[in-house]
């Protein structure tokens with residue numbers, strides 16, 4: 057959990073790299089980007105649950121376990137690292153359980169995009185493609 061008491065994903069990549077890669081991976085995870093404002097670090101999206109091209113080729117499931125609705129995805133600069141926070145359409149932060157559900161999909165997508173080299177495991181969880189270091193939950 058971050059200092060703000062909000063659960064979010066954190067990449068080991070700088071903000072600029074994470075911003076570009078996030079725009080690339082969101083459609084692969086089933087999000088449609090409706091708008092974005094880099095100056096605010098925000099993507100305005102709709103989660104559709106529909107897999108992107110590469111995910112469908114690799115036969116990856118992208119059912120993230122979250123409700124199909126609009127989401128704000130907010131990136132924050134952490135001096136060489138980047139936080140990724142999701143807000144639902146009512147402006148509520150995702151719960152710890154929801155962040156843990158989406159984690160392996162986001163982490164693997166960041167590895168495939170080249171943004172990070174490795175994916176750490178969440179303690180007590182087993183993920184098919186998890187490896188040590190790169191995207192974490194705080």
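Numbering (our numbering), first residue to last: 57 to 194.
By construction, the Cβ of each residue, glycine as well, lies at the ideal position given by its N, Cα and C atoms.
Asked: The segment 128-137 in contact with the segment 79-99 per 3-pair CB rule at 8 Å; Found: yes
Asked: Backbone secondary structure at residue 106 - three-state DSSP; Found: coil
Asked: Cβ-based neighbour list, residue 169, same chain, cut-off 7 Å, excluding 5 preceding and 5 following; Found: 77, 80, 81
Asked: Residue range of the alpha helix (DSSP H) that includes residue 76; Found: 71-84
Asked: Neighbourhood of residue 151 by C-beta distance below 8 Å, restricted to the same chain and skipping five residues each side; Found: 63
Asked: Residues that DSSP places opposite residue 139 in a beta bridge; Found: 66, 132
Asked: DSSP beta-bridge partners of residue 126; Found: 102
Asked: Supposed contact pair residue 158 and residue 122 - C-beta distance, whole angstroms, cut 8 Å; Found: 6 Å
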